[in-house]
Structures are given as C-alpha cells and as structure tokens.
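Quick note on numbering: the sequence shown equals residues -13 to 33 in the numbering used here.
All residues carry an ideal CB built from backbone N, CA and C; glycine is no exception.
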Amino acid sequence: MYDLAGTDENRRFSPYCWRIRMSLAHKDLAVDCQPWSFTASERRSNL
C-alpha cells in the first residue's frame, strides 16, 4: 500500500491510509506500506 509521506518518510499523514491500516491491524492482517510523496512523478510497479 502506498502511504503519503512528507520530507521525513517515517511521518505518514494520509487519513485514508490510516483508516485502512487500523482496520487491517484490527483483523490481524499484515500490510506492506511504501512511502509516497506528492512530488513523486514516477510510477512504481514493484507491488
């Protein structure tokens, strides 16, 4: 899952991604979150 991040990749701030992450954690499902910034223009296809 791509998660919006600022200049510090450890600080994620997307409220929609937080909801999804919390619901998956509630169901004990693992998810791989990748940081993504507003200025990133390349497409990632590694997932």
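Presumed contact (8 Å Cβ cut-off) between residue i and residue j, rounded CB distance
i        : j    : result
Asp(-11) : Ser0 : 6 Å
Residues of its chain near residue i, where Cβ-Cβ distance is below 6 Å and the 5 sequence neighbours each way are ignored
i       : result
Thr(-7) : none
Which of helix, strand or coil DSSP assigns to residue i
i       : result
Arg(-3) : coil
Ala(-9) : strand
Option nearest residue i by Cα separation, candidates the options
i     : options                              : result
Val17 : Arg(-3), Arg(-2), Ser23 and Arg7     : Arg7
Cys3  : His12, Met(-13), Asn(-4) and Glu(-5) : Met(-13)
Distance CB(residue i)-CB(residue j) smaller than 8 Å
i       : j     : result
Arg(-2) : Pro21 : yes
Sequence-distant residues of the same chain with beta carbon closer than 7 Å to residue i, five excluded per side
i     : result
Leu10 : Val17
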